[in-house]
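Asker:
In UniProt numbering, the protein residues as written are 1 to 298.
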């Protein structure tokens, strides 16, 4: 395990080879002091710790730890204390350093066993006042398989935090934290305009997301724009319930290339069937900025 530092354009990041995790991301901008863009984690952060990590070869839970594809039943073992295989392999594995500089680095990971055999790359670069994260996964197996990708950041949930994004619908949460049916957005999950996060448990897929989100922290005079390539057409929102889980001052907004529970969807749910040697790639940009002085807390 190694921790690497990146710094440029007033942005500083720490990245660990364990899980390919971004341990911290700070913005030193516009006279606001050091503004944490992501929740910070210790260098040895593991599966239960806050940080931001890649989701490969797909994200979210796999119902019954099995799926049908290519006329075969494929099985995956639970990889955490959760009964279902969760978030892929990369977030629990050691990545290796492919390239490293002061403002950019590339990490790689290979999975050589199990139904999914692949090579993943995660490139991070600070440029033009933003940090760009590019994820790539290549099928290294002997047969086509359905692949997806995502990113799982833990974002600060300050008392005045606001979220803005557009999604057409969401999926209900069923037993075992599995995604259920598609339904219209409830009022407290409609973030077409900047709105506070609900004061309740939220663990839902947001479908047909337009790839743009904005998080506002009025008390810090800062905002963050998340801009995703069109391939990241879906997102997942997790907000802990402060009443039952006190002290969890964070939330997760997870861009994904596929729907939650996609393996069970007749149309593939956005997963991409990659033949051996084929790859899937996409990028996210995180752009911090100062809030105009006229924007006050409410």
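Glycine is no exception: its CB is placed at the ideal position from the N, C-alpha and C atoms.
All of these numbers come straight from a predicted model, not from anything done at the bench.
#1: Using a Cβ-Cβ cutoff of less than 7 Å, which residues in the same chain neighbour residue 250 once the five nearest sequence positions on both sides are dropped?
#2: Just to check my reading of the structure: residue 276 and residue 79 have Cβ atoms closer than 8 Å, yes? What is that Cβ distance to the nearest angstrom?
#3: Since residue 116 is in the beta strand (DSSP E), which residue starts that stretch and which ends it?
#4: Could you check which residue in 203, 113, 237, 130 has the C-alpha nearest to that of residue 255?
#5: Evaluate contact between the region 190-199 and the region 256-265, counting only Cβ atoms and requiring at least three cross-stretch pairs below 8 Å.
#6: Nearest to residue 217 by alpha carbon, out of 243, 164, 171?
#7: Where does residue 92 sit, in a helix, a strand or coil, going by DSSP?
#8: In the DSSP assignment, the beta strand (DSSP E) including residue 60 goes from what residue to what residue?
#9: Are residue 223 and residue 291 close, meaning C-beta to C-beta below 9 Å?
#10: On the three-pair Cβ rule with 8 Å, is the region 53-60 touching the region 86-98?
#11: Is any non-hydrogen atom of the ligand HEM found closer than 8 Å to the C-beta of residue 232, if you look at the structure I gave you?
#12: Can you say whether residue 70 is buried or exposed, counting buried as having 16 or more other CB atoms within 10 angstroms of its CB?
#13: Along the chain, where does the beta strand (DSSP E) containing residue 289 start, and where does it finish?
#14: Nearest to residue 27 by CA position, among 149, 106, 233, 126, is which residue?
#15: What does the Cβ neighbour count give for residue 77, buried or exposed, with the cut at 16 atoms within 10 Å?
#16: Using CA coordinates, which residue listed in 279, 1, 288 is at the minimum distance from residue 141?
#17: State the start and end residues of the unbroken beta strand (DSSP E) segment that holds residue 170.
#18: If I follow the unbroken beta strand (DSSP E) through residue 209, where does it start and stop?
#19: Quick one: is residue 5 buried, meaning 16 or more other Cβ sit within 10 Å of its Cβ, or exposed?
#20: If you draw a straight line from the C-alpha of residue 96 to the C-alpha of residue 44, how long is it?
#21: Which residue marks the beginning of the beta strand (DSSP E) containing residue 108, and which one marks its end?
#22: With DSSP collapsed to three states, give me the class of residue 218.
#23: Would you mind giving the Cβ-Cβ distance between residue 282 and residue 229, rounded to the nearest angstrom? I have them listed as a contact below 8 Å.
#24: Considering only residues of the same chain and omitting the five flanking positions on each side of residue 111, which have a CB-CB separation below 7 Å?
#25: For residue 161, which option in 198, 267, 232, 41 has the closest C-alpha, if you only look at C-alpha atoms?
#26: Quick one, which of 132, 145, 74 has its alpha-carbon nearest residue 274's?
#27: Relative to the C-alpha of residue 18, which candidate in 34, 114, 9, 1 has its C-alpha closest?
#28: Do you know how far the Cα of residue 168 is from the Cα of residue 58?
#29: Looking only at its chain, what residues have a beta carbon closer than 8 Å to the beta carbon of residue 171, apart from the 5 residues adjacent to it on each side?
#30: For a test of the three-state rule: what should DSSP assign to residue 180, helix, strand or coil?
#31: Measuring straight from C-alpha to C-alpha, what distance separates residue 84 and residue 61?
Answerer: The answer reads as follows:
#1: 39, 50, 154, 155, 156, 157
#2: Incorrect: roughly 24 Å between the Cβ atoms, too far for contact.
#3: Looking at the DSSP string, residue 116 is not in any beta strand (DSSP E), and its letter there is neither H nor E.
#4: 237
#5: no
#6: 164
#7: helix
#8: Taken as a continuous stretch (DSSP letters only), residue 60 belongs to no beta strand (DSSP E), as it is neither H nor E.
#9: yes
#10: yes
#11: Summarising the ligand content, the structure contains no ligands, and the ligand HEM is consequently not present.
#12: exposed
#13: 279-290
#14: 126
#15: exposed
#16: 279
#17: 169-174
#18: No beta strand (DSSP E) holds residue 209; DSSP gives it neither H nor E.
#19: exposed
#20: 16 Å
#21: 104-111
#22: helix
#23: 4 Å
#24: 89, 117, 118
#25: 198
#26: 145
#27: 1
#28: 22 Å
#29: 179, 180, 181, 182, 183, 204, 205, 207, 259, 260, 261
#30: strand
#31: 6 Å
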